[in-house]
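So the sequence shown is residues 1 to 301, counted in the UniProt record's numbering.
Below is one structure; the comments refer to it alone.
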Amino acid sequence: MEACKTGCMSALLMSLTISLLIRTSYGSSWTYRGDRGVNHWSALFPESCAGRSQSPVDLTPRNPRNPRNMRKNRQLGNFIFTNFNGVSDVVQQLSNTGLSVVMSYQSGDLRVSGGGLCSEFKVLQLHFHWGSLDTQGSEHTICGESYPMEMHVVTFNLKYDNLTNALNYADGLAVLGVFFKVGNSWNSNFDTITNALPSIMTPGSSIQLDPIPLDQLLPSNTKHYYRYQGSLTTPPCTEAVIWTVFRDPVTISYDQMEAFRALQSSERDEKSNGPLPLVDNYRPPQPLNGRKIKISFKGRQ
């Protein structure tokens with residue numbers, strides 16, 4: 001496996017990463033609402049967002065009653081998470097982009113391999129999509145059902161040296177998707193993030209975090225997951241993503257979920273011109289168009 005060239009995680013690349021994957025709404029050509037919202041992306045970006053391998057999707061086999069569609073794919077083994085359990089040399093910044101909450105890695109060398117991936121991938125950032133209600137918010141669905149929030153850990157393939165090159169290839173990026181559900185207990189693993197959210201209430205604000213081991217934010221069971229080939233879920237909707245969505249959700253408390261919903265978006269209310277809440281920042285499932293969803297586990301969902 002080729003090593004990443006010196007400087008590929010520089011501030012310039014990080015700025016490019018965030019602008020490509022979760023752009024701010026300041027001067028943005030797209031939003032989640034209105035005439036530039038998700039229902040218009042395919043018309044606004046016909047060469048990319050109208051493709052045939054778009055994400056997210058519903059993670060349901062075509063015929064759930066057919067046992068062959070629920071067989072474990074033997075190529076989907078366990079992941080190898082390198083440096084996910086430490087914070088040495090890690091610098092993390094949490095930002096309200098007006099469209100999402102992004103935790104960017106300004107330094108650190110976290111890598112993902114195994115899990116049926118063909119190469120080694122380096123972590124760039126993670127971000128969140130959530131709803132105004134507990135019945136909506138996740139981008140991927142299972143049998144048509146949504147979770148209230150979904151986290152995406154974005155990584156790029158080191159054999160392409162940097163993100164710009166990686167976006168030109170179908171295996172350029174690997175994104176790890178994590179579902180969240182709301183429960184009664186406070187999740188202390190998310191203390192650093194949820195406690196920092198009031199400091200980034202307004203769009204464009206950011207705060208440097210006390211480093212968080214990334215494995216604290218993942219499900220305890222990372223052996224069971226869905227796999228398919230897709231795209232970025234925001235414009236430019238580039239079809240360069242190997243998707244992994246973990247089957248088991250992470251539980252956070254109602255108060256922790258509400259801390260996300262209290263944030264302000266960069267969109268304005270038409271009548272009052274006041275800021276709209278940063279909620280429902282998700283794209284609905286897209287057609288599979290013949291793509292297959294593989295699973296790493298046995299039996300029904």
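Each residue gets a CB set at the ideal place from its N, CA and C atoms; glycine is no exception.
As the structure is a prediction and not an experimental result, all values here were calculated from the model.
Classify residue i: buried if its beta carbon has 16 or more other beta carbons within 10 angstroms, exposed otherwise.
i: I295; result: buried
i: R227; result: buried
i: Y254; result: exposed
i: S231; result: buried
i: G172; result: buried
i: S53; result: buried
i: G27; result: Only weak support is given to the placement of G27: the predicted model assigns it a pLDDT of 45, under 50, and the value that follows is read from those uncertain coordinates. G27 should be labelled exposed.
i: S265; result: buried
i: G77; result: exposed
i: E145; result: exposed
What separation, rounded to the nearest whole angstrom, lies between the Cα atoms of residue i and residue j?
i: R283; j: F79; result: 27 Å
i: D215; j: K271; result: 44 Å
i: Y147; j: Q256; result: 15 Å
i: P235; j: M149; result: 20 Å
i: S48; j: R33; result: 19 Å
i: I179; j: G274; result: It is worth fixing the name first, because residue 179 is Phe in this sequence and not Ile. The alpha-carbon atoms of F179 and G274 are separated by roughly 31 Å.
i: D280; j: C118; result: 34 Å
i: A262; j: P277; result: 7 Å
i: D58; j: S138; result: 11 Å
i: S25; j: P203; result: Low local confidence applies: a pLDDT of 41 at S25 is under 50, so the model's placement there is unreliable, and no value is given.
i: G51; j: I242; result: 16 Å
i: L158; j: C237; result: 21 Å
Would you say residue i and residue j are within 8 Å of each other, going by their C-beta atoms?
i: Q93; j: Q75; result: no
i: A166; j: A259; result: no
i: K122; j: F156; result: yes
i: N168; j: I252; result: no
Would you mind giving the Cβ-Cβ distance between residue i and residue j, rounded to the nearest angstrom? I have them listed as a contact below 8 Å.
i: V101; j: H127; result: 6 Å
Check: What are the uninterrupted segments assigned as beta strand (DSSP E) that are 3 or more residues long and contained completely in the UniProt region "Disordered" (264 to 301), given in chain order?
Finding: Runs found: 264 to 268, 275 to 277.
What beta strand (DSSP E) runs, 3 residues minimum, are completely inside the region 137 to 172?
Scanning the region 137 to 172 from its first residue to its last, the whole beta strand (DSSP E) runs of 3-plus residues come out as 149 to 157.
Identify every run of the alpha helix (DSSP H) within the region 186 to 220, keeping only runs that are complete inside it and at least 4 residues long; order them along the chain.
The DSSP assignment places 191 to 196 as complete runs of the alpha helix (DSSP H) inside the region 186 to 220, in order along the chain (cut-off: 4 residues).
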